[in-house]
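Chains as they are written, first to last, in the working numbering: chain Z, 1 to 634; chain S, 635 to 1268; chain W, 1269 to 1902. Beta carbons: idealized from backbone N, C-alpha and C, even for Gly. This report concerns only the one structure given below.
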Amino acid sequence: MTRASAGEPGDDDGGSVVYDLDPDCTAEDIERNTPYLAAINGIVDYGVFVDLSESVSGLVHESVLEGTYRVGDELVVELESVRDNGDMAFEPADVDDYTLESVSHDYSLTGTNRLEANVGDQIHLEGKVVQVKQTGGPTIFHVTDEHGVVPCAAFEEAGVRAYPTIEIDDVVRVTGTPEYREDSVQVEVDGLSKLEDEEADDARKRIEEALDSRAQPHDVEPLIDWPAFEKLRPDLREVATLLRRTVLEGRPIRVRHHADGDGMCAAVPVQIALERFIADVHEDENAPRHLIKRLPAKAPFYEMEDATRDLNFALEDREKHGQQLPLLLMLDNGSTAEDVPAYETLAHYDIPIAVVDHHHPDPDAVEHLLDAHVNPYLHDEDYRITTGMCCVELARMIYPDLTDELRHIPAVAGLSDRSKANAMDDYLELAAEEGYDEQRLQDLSEALDYAAFWLRYNSGDKLIQDLLQIDGSDEQHHRELVSFFADRGRAEVDDQLDAAMSHVEHEDLDNGAHLYRIDVENYAHRFTYPAPGKTTGEIHDRKIEETGDPVITVGYGPDFAVLRSDGVRLDIPQMVSELEAEVPGGGVSGGGHLVVGSIKFVKGKREEVIDALVEKMEDAEIDEALSSAAPIDD
Amino acid sequence: MTRASAGEPGDDDGGSVVYDLDPDCTAEDIERNTPYLAAINGIVDYGVFVDLSESVSGLVHESVLEGTYRVGDELVVELESVRDNGDMAFEPADVDDYTLESVSHDYSLTGTNRLEANVGDQIHLEGKVVQVKQTGGPTIFHVTDEHGVVPCAAFEEAGVRAYPTIEIDDVVRVTGTPEYREDSVQVEVDGLSKLEDEEADDARKRIEEALDSRAQPHDVEPLIDWPAFEKLRPDLREVATLLRRTVLEGRPIRVRHHADGDGMCAAVPVQIALERFIADVHEDENAPRHLIKRLPAKAPFYEMEDATRDLNFALEDREKHGQQLPLLLMLDNGSTAEDVPAYETLAHYDIPIAVVDHHHPDPDAVEHLLDAHVNPYLHDEDYRITTGMCCVELARMIYPDLTDELRHIPAVAGLSDRSKANAMDDYLELAAEEGYDEQRLQDLSEALDYAAFWLRYNSGDKLIQDLLQIDGSDEQHHRELVSFFADRGRAEVDDQLDAAMSHVEHEDLDNGAHLYRIDVENYAHRFTYPAPGKTTGEIHDRKIEETGDPVITVGYGPDFAVLRSDGVRLDIPQMVSELEAEVPGGGVSGGGHLVVGSIKFVKGKREEVIDALVEKMEDAEIDEALSSAAPIDD
Amino acid sequence: MTRASAGEPGDDDGGSVVYDLDPDCTAEDIERNTPYLAAINGIVDYGVFVDLSESVSGLVHESVLEGTYRVGDELVVELESVRDNGDMAFEPADVDDYTLESVSHDYSLTGTNRLEANVGDQIHLEGKVVQVKQTGGPTIFHVTDEHGVVPCAAFEEAGVRAYPTIEIDDVVRVTGTPEYREDSVQVEVDGLSKLEDEEADDARKRIEEALDSRAQPHDVEPLIDWPAFEKLRPDLREVATLLRRTVLEGRPIRVRHHADGDGMCAAVPVQIALERFIADVHEDENAPRHLIKRLPAKAPFYEMEDATRDLNFALEDREKHGQQLPLLLMLDNGSTAEDVPAYETLAHYDIPIAVVDHHHPDPDAVEHLLDAHVNPYLHDEDYRITTGMCCVELARMIYPDLTDELRHIPAVAGLSDRSKANAMDDYLELAAEEGYDEQRLQDLSEALDYAAFWLRYNSGDKLIQDLLQIDGSDEQHHRELVSFFADRGRAEVDDQLDAAMSHVEHEDLDNGAHLYRIDVENYAHRFTYPAPGKTTGEIHDRKIEETGDPVITVGYGPDFAVLRSDGVRLDIPQMVSELEAEVPGGGVSGGGHLVVGSIKFVKGKREEVIDALVEKMEDAEIDEALSSAAPIDD
C-alpha cells in the first residue's frame, strides 16, 4: 500500500486519518484496523453494500449499523472479516474528525529478472521505454528496469499504435502477463501508463542509478604487467562504461573498424563481449543480432560515404523498428582530422561516438565531436600500444568471462602492426602458454590480413572467429586454416614483389638515407592482394633488411602516394601543407605522422608533387630511432 | 433476393409465377406470400417434410394437406410460419398454371469499406483479383471492389494453391469472414468463385466505373498563377489519373529519378503522395512498403543495366508474391532517344511507363513507348519549368492533403536547376511565406545535391525527407542539417576547383565567345564530390560571372566530355552526328540539346574528337539569350 | 514387438523363454499365449496386481493363484483377457526353467511418405538428422528417413536448444504428431532419442541403403546418338548420383557457372532439375529456395573473392540455420589450375566440389580437390562437347520429366560456344522438331550472352527461364523477347566494332598467318557490351571470314590480353611460362590452351610482353585443323 497525503499530513492535524482508496485499488490494498472511506451502493434488509474502490466492495451487516442510510451516502468502515470465497464484511469505524488520505494501489513490482518465474501470472513492472516497435499486430514497447530489458506487447488494433503518447525515454508502469512467445519471454500488456511527477522522478532515479551501477565495467587484472598501458586504462574504463550503458539502454551499436589484422583483433573481441552482455541484459533473444553490427572499413578514416550509409540505415531502423539511433564505435581508426566531416554529419543526430585508435591523432580536431576517446598518443605513448591490445582489455572489462579465449590476441595484434613495444615479449609469452608460438601468431596475423582483403565489405564473422579461434572454434581446424591463409597470402605477396621489385627505383638522398620509389599502378598487379599500401610496406621492409640503413619508401599510383620511413623524420602532415602551397592546382591532401602517411593529388600533377616531395626528403633529419612499423593503410 | 426469369417472363404469360430457389439459397431468401417449388423428402403421420433448397426445408402439416404424397413429389408451397428456433412451416400454395422463375441466393455485398464493422461475421464481396500470393499456408487473393483492396486468405492445404483456376483480373465473389490478422484486416475465405457471363460483366463494369471515378485526380488550385505551366496541367492530370488507377488496381510502382536536387524535389513528393494514397486504398498495412519503390539513377538516361535489374526484380516479385508487373515512373529523366533500348526491353512485358521530365525530349523516339509523357518542350516551353515544379502539382493531384508540406519545394527545384522562369519569383515568395528565404533554399538545393552524391544508389528516404522537411521533420533539426550539408558540399566544390581552376585552358573563339577546357580526369579529384559534370558546371558558372561574355565550357575525361554554353547556339545532337561521320572509329555518341550535352568516344580518339568539336564551336552562332542553366548530368 | 535376446538365445537353452518387457512397452506389445515376467505391486483380497512395464499392469485373480505373495515378488504371467475399458487380466504361466528375453517397445514406424495420412495422430519415425535449426521458439530437426526429409519441431523453452546432445548425422527415433504448419507438414515432437549401438547401426544401414538406392540417377535414353558423348556418361552419372544424394542428405547446393550462353544452358536445367527433386524429397515447401542457389561468375575461373564470399555465406547459414555446409557445383568453369587456390580454401571445410566443364583442364592440379569431375578432355574429346550438352543429360538423369522442356537447349549451347561437333546436326534437328530453326537458336544464344552481361552478378532466374523457354514460359512472348535481346546485342556489337575495326592493326607473320591486334582499352567502349573478350572474338571471326587464312587475334588492355587463333598452334600455357622467364618484372600469368587464352601482366610492361608474345607467334606452327571456336572469356 502506498499512501500519499492529500493536503496537510493527518498527523499534524490532531484528528484521525481515514484512507480513501484509489479506484484501481484491490483487496490486497486493504489492511485490518484501518478506517476507509466507503460509499453505499445498495441497501438490503440484512445490511448495506459499500464500495471502497472499483473492485473492493462488501457488506456491512445490519447488526452493526445504526441509523438509516441511503444509496450514495458515505461511510467510514473497517474490515471485519474475509470469507473463503473472498467476500468481505465491513463494520463502521469509529471516527469523528478526520483527514482523508488517498491510497494508491500497491503495485508490487516484479523485476525483469523474475519474469520467467511469473509466466502466466499478472505482474507489474516499472521501467524506461527504450524502443517502440509498431508491428502489423501489436505495438512492442521494449522496457528496461533495474535488471534488464523486456519486450512488452500492447494490442490496440492490428497495426495501430497502442498508447500513442508513450515515447522512448518515458518512465512507465506496465501491468501485464509474462508469456513465452516465439521469440522470447515477453509481457502481454494489460495496461501501460506513463508515470508522472514525483512518482516518475523516483522511478527514473531508481532505474538510472541501477543502470549506472550495472554499467560499471568489471575490474579485471591486466593480462600482463605494463605501466605504459595502465595510463590508458581509465580511458578504456570510460569506454567500457559507455558501451555497457548503451547496451543497458537498449541503444544499438555500430562498430566500424580498420580492415586489417590489428583492426580485427580489436573489433572481434569487443563485438563478442557486447553480444554476450546484450544476451544477458535482454529478454529478446534476437537482441544481439539486432543491436550490434560490425563493419570493416577499407579507408584509413571514416569516409563520408560510409557515414551517409550508416546514417541512412540508422534512420531507417528508427523508422521501421522504433530503435534509438546507434552509438558509433570506431576501432583502429577515427582519431584524425580526416574523420571530421563524417563525424560532423552524424553530430546532427543523436549518435554518440567513441573511438579507440592508435593512429596519430588530431585531438584538437576530433575531441569535441567524441563522447570517449582512447589513444596512446594522448598519454605520450604511441602506436606500439595497438588497438587490439587496448580492445582485449576493453572486451574483458565488458565481459570478463571471455578472458580465456583472448589471451593470444594482443600478441597477434602487436605482430600485425609490428609493434616494437617492450611488452610484446610478455604478450608473446602469454600466447605461448596457450600454445601459440611466434610463427603461429605471425601466420595468424598474415591470415587475418589476407582474409580481410578478400572479405572486402563483409564482416565475415564466422570465418574471422575461426581464424582467431574465439567463440569455440576447433583447434586443429583453426591451425590448418590459419596456415593455409597465411601461406596463400605470402605467396601472393611474393608474386606481387616478383613483378614489382625490379621496378623499384633507388636514390641516395643527401641526408644519407636510401629512397626507394615504386610505381604501383604500372608495376604491380591491380585490384588484387596485396593492395598498394601493403605492397609498398613489404618492399620497404625488405629494403631495410637489405641495407640496414635509414630507408624511405614511396609507393605511388596515378593520384596517390603512400610513404614509409625508418630512420628519417618526415613529419608528413607538415609536408602535405607545404606541398599544398608549393604545387598550386595539385589538389594535394593527405594524412599521417612522422614516418607513415599517404598523400592524394590530381593525376595530372603527379610528377610535380612527387618531385617536390622527394626534395623535402633530401633535407629530412635522420633519427635512427624512428620506425614506420606502425600500420600503413591501403 | 435476386430473381432471374427462366425463359419468358411470367407477366406476359397470363399464368402465375412460382419461384424455384437455387440450391445455395438460405432462409433469408424466402419471402412471405410467395409460392415456391418444393420437393417432398419425408412423410410422417403429422405431415410431410419439404426441401426448397439445400438448406431450406420445413414441415407442411397434415391439417393443410389434401390427397396423398410420395417422397420425391413436387409441391408448390408458401411460408406459413417460422418458429423461434428457426423451424419453418409451409402450406400448399394455390396455383394451377404457372411459370417457374429461379431465385439466386441474395448475396448482399459488403464493401471493403465496411469490413472492420463486420469483423467476425460472414460477409460477401465482389471484386477484381489484383494479386495472388501463395504463402506456405493459405493463398492470399488481393481483391479490389469499388472501395478498396483487401487480402482474402483461402486455405486448401499448407502451401497449396487454393482455387487454382482463379487468376489476376478475374472478377470473383468471395464469401468469408473479416478478421484481424497480424498484418491487417483480411477476409478468411469460406468460398470464392469466379463470376461468369452477365454477372461478371455487370460486376466488372461496376468496379471499373468506380475505379475510373476514384482514379480521377483532385482538382487543386495551382500554387501560383503561371499560364505557361497551365499548358502542362492536362498532361499532369493524365499521369495523376494513371498513377491513382495503378494504385487502385494494386499494381506496384517503381520510380526511377535523376539523383540530383530537382530529381529529388520531383520524386519525393510523388512518392509520399502515393504512399498515403496506397495506405488509404489498401487494407494491408504493408501495402505502401510493398507497392512503391523509389530508386535514384546516376546516368542522365535509363540505362540497360538498370532496366535489366528492374525487370529481374519485377519478374521475381511476380513469381514470389504473385504481384502484377509494376508501372515504371521516370522522373527528371526519360524523355530522350537514349532511353529507348531500356524502354524497348520493358515493352516485352506488361510494364506501363510514365515520364515527367524537363530535359530536351526526343518525342519521335519515345512517344510510342510511353503511356503518359509530361515535358514542357512538348508545349513549346522549356527546362525552366522543372520536373520538381511539375511533380509538386502532380503529388497534390494525387493527395492534396500534402499541399502544406510542399509549398517550398518548387523553389528548391527551380534553384537546383537554375531555372530562369519568371515564375521563380512567385515560388520564392511562396517559400518565403513558409519561412524559407532564398539563402535557405539555395542551401537546401546544395544539400540535396551533396546528399544524393553520397547516397549513391540508396534512396535514403528518411535523410532526404529530413532535408526536404516533408512528412513531419523537425524544423530546427532540418535547418542545421541543411546548413551543414550545404556547407560541406560547397567546401568540397571549392577544394575541387582549387585543384582544377589553374588547369582550365582558355581560347578565344572566332565567333567571339570564350572557350574553356578542363581535363577533369587529370586535374580534378576522381570518385569524389563534385563529379565531373558538376565540376564543369561550376567552372562554367564562375567563368560567366568573370567575363560577362558568351562562354562555352568543355570538361573532358578519358572517354567522355560534358558541354555547357551560355550565349552560343551549339545544337549538340547535330554536332554528335557530324562527329560520328567525321571521326571514323571514334565511337562517338551522345545527347543533349542546344547548350547542354555530353559526348562519349573511345579513349584513343579523344584528342581528335575534341579538336573536331572545338572547330565546330568556332563557327557556332552567338545567341545571348541562350542559357545552359538547365541541368547537366554527371 | 521386437525381441532381442538377453545373453544366450533361448532356443539353444533347452528351457522355455520368458519375455521381459522394456519399461516403455505398452499394451500393444503384449501377445497372447506368451509368458511375461511381471512384478507384484499390490495385493487385494480378490487377487494381486502385477506390473509388466511402466504402463502395462493388470490383475491376477485370486482364483488362479496359488500360494502367498508379497509386493515385489516376481511372477511369470500370460494374458488372460482384456476388457472393453482396456483393463487386463493375467494368469500365472506354467514355466519352470526359463531364459529371459527382453522385449523392446514396438515402435511401428511411419515413413515420411505417410505423414499427411497421419496428421493429428502420434507416430514414430526413425531417421538421420540433416539440419538442426534453432528458432526463437522450437528447435527444428530436419530428419531424413528412407523416403524423404521432414522438419521435426521440438520445444524446450523459447529459443532454447531442445535435445542439445543431438547433432547433424545422428540417427534418431522421433515420436510425435504430424501437423500442418504455416510452412509445411512438420512433426511436433513428443520425444526424440538418439539410437545407439546395433539399433543405430541397423537404422543407419537401412537409411543409407535407401538413400544410396534413391540417389541412383534415372536411366535416360540419350537425346541423340553420339558415341563420343557416351564416353562422358559414366562420369555424368557419378555427378548425378552425388547431386541426388546431396539433396537426399539435406545438404545445400551452390552452383557457380560461367556467365555466358553455354554456362546458362548448363546451369539452368540442372538448377530446375534439382529444385524439382528437392520439392519431391522435402516436406518443407521452402526447401527448394533454401537449398539451391545459382550464381553467375564473370571470371573464367573460381576467384578467391567468390570463394571467400561463398565460404562466408556457408558458415553464416550453418550458424544461423543449422544447415550443413554446401556442395559446390562448378559448371562451364572450374577445371583449371587457376581454380586451385579457391578450391584449397574450401578444402578446409566440409564442402564437396563437383565440376562439369569443357575448358581445357589441368587434371593434375585439380583432380585431388574434386569429388567428381566431368570434362571431355579427360576422355580425349574436346570443347566441342559443350557443358550445356553435358548438363542437359545431367538434368535429365536427376529429373527425367524435364526432358520435353530441354530438347532445344543442347543446340543453343553448341551455337553459343560455336561447337563444331558432328553431333550439332542432330541437335539442330532435335531443336527443329520443337520449332527452333537455326536462326532462332542463334538468336537465343546471342540473347543469353547479352542478358548475362547486363544481369552481372544476378542470376536473373525468371528472365533467363523466359529466354530459354523452360519451366512454362509463353511461346510468343519468348520469341519476341529473344529477338529483341538478340537484335540489341548484335546492334551493340556492331557499334563496338564500328569504333574498333579501323584501329585493328594487321601484320603478316613469318609463318604465313595473319596477326590482328586491337587495343580494346583505347579503341573500344569500356564497361559496356560487348566486353573485351567478346569484342576480340567478334573481330577475330570477321577476319577469318574476310581472309580465309590462318588468323591470330590479340585484344589487349592496360594489363591483360586475350588471344584467339584459327589455324595456328599457340600452346598458350607454354607461352605464358616462357614469358614469365623472358620478361622479368612483367608479372606475367595466364591460362588457356592451344588456340584460346588470356594473359595478365603489369601495366608498365605491356609493350614488352606483347612484343615478346608476337615474336613467339612468328614461329608458331600452322595447323589448319585448329579452331578457336571454343569459348573465350571476358
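Nearest neighbour of S193(Z), chosen from D401(Z), R564(Z), P222(Z), V172(Z) [CA to CA]: Ranking D401(Z), R564(Z), P222(Z), V172(Z) by Cα distance to S193(Z) puts V172(Z) first.
Where V239(Z) falls: helix, strand or coil (DSSP): helix
Between the CA atoms of L1500(W) and H1486(W) - distance to the nearest angstrom: Going by the C-alpha atoms only, they are around 16 Å apart.
Contacts of G460(Z) in chain W (Cβ-Cβ under 7 Å): By Cβ distance, chain W contributes N1580.
DSSP state of V1442(W) mapped onto helix, strand, coil: strand
C-alpha distance - E507(Z) paired with P1852(W), whole-angstrom precision: 21 Å
Cβ-based neighbour list, L52(Z), same chain, cut-off 6 Å, excluding 5 preceding and 5 following: Closer than 6 Å at the Cβ level, and outside the excluded window around L52(Z), lie L21, Y36, A38.
V1642(W) to H1861(W) span [Cα, whole Å]: 18 Å
G1444(W) at chain Z interface by Cβ criterion, 8 Å: no
Own chain partners of G127(Z) with C-beta closer than 6 Å, once the 5 adjacent residues on each side are dropped: Hits under 6 Å: V143, T144, D145.
Within 8 Å, strictly: CB atoms of E1654(W) and S1687(W): The amino acid occupying residue 1654(W) in the given sequence is Thr; Glu does not appear at that position. Closer than 8 Å, so yes.
Pair within 8 Å by beta-carbon distance, A1663(W) and L1709(W): no
Min CB distance F1118(S) to chain Z below 8 Å: Taking CB atoms only, F1118(S) has a neighbour in chain Z less than 8 Å away.
Option nearest F313(Z) by Cα separation, candidates K293(Z), V366(Z), I610(Z), Y19(Z): K293(Z)
Length of the line joining the Cα atoms of F527(Z) and G414(Z): 27 Å
Rounded C-alpha distance that separates V652(S) from D824(S): 31 Å
Contact with chain Z by T1915(W), beta-carbon distance below 8 Å: Because residue 1915(W) is not part of the residues shown, which for chain W are 1269 to 1902, the question remains open.
D1574(W) beta carbon less than 8 Å from that of R1524(W): yes
CB of L959(S) within 8 Å of CB of I987(S), strictly: No, the Cβ-Cβ distance between L959(S) and I987(S) is not below 8 Å.
Check whether A447(Z) and L463(Z) have beta carbons under 8 Å apart: Here A447(Z) is not near L463(Z), since their CB atoms are 8 Å or more apart.
Buried versus exposed call for I1266(S) [16 or more other C-beta atoms within 10 Å across all chains shown]: Confidence in I1266(S) is poor, its pLDDT being 42 and thus under 50, which makes the residue's placement too unreliable to answer from.
is_contact[E1743(W), chain S] using C-beta, thresh 8 Å: no
Nearest neighbour of H916(S), chosen from V1116(S), Q765(S), V690(S) [CA to CA]: Closest by alpha carbon: Q765(S).
Beta carbon proximity, E1039(S) to chain Z, threshold 8 Å: no
Short-range partners of chain W found in the region 920–939 of chain S, where Cβ spacing is below 7 Å: M938, E939
Distance between C265(Z) and E434(Z) (C-alpha atoms, nearest Å): 17 Å
Proximal residues, the region 352–386 of chain Z versus chain S, C-beta separation under 8 Å: none
First through last residue of the beta strand (DSSP E) which encompasses F1119(S): Segment 1109–1134 is the alpha helix (DSSP H) holding F1119(S); no beta strand (DSSP E) there.
Amino acids of chain Z, ordered along the chain, whose beta-carbon sits closer than 7 Å to that of S1136(S): P584, G585
Contact under 8 Å by Cβ, T1378(W) with L1368(W): no
Cross-chain neighbours of R1160(S) in chain Z, by beta carbon under 7 Å: D559
Continuous beta strand (DSSP E) stretch holding T1613(W): start and end: First-last for T1613(W): 1608–1614, but that is the alpha helix (DSSP H), not the beta strand (DSSP E).
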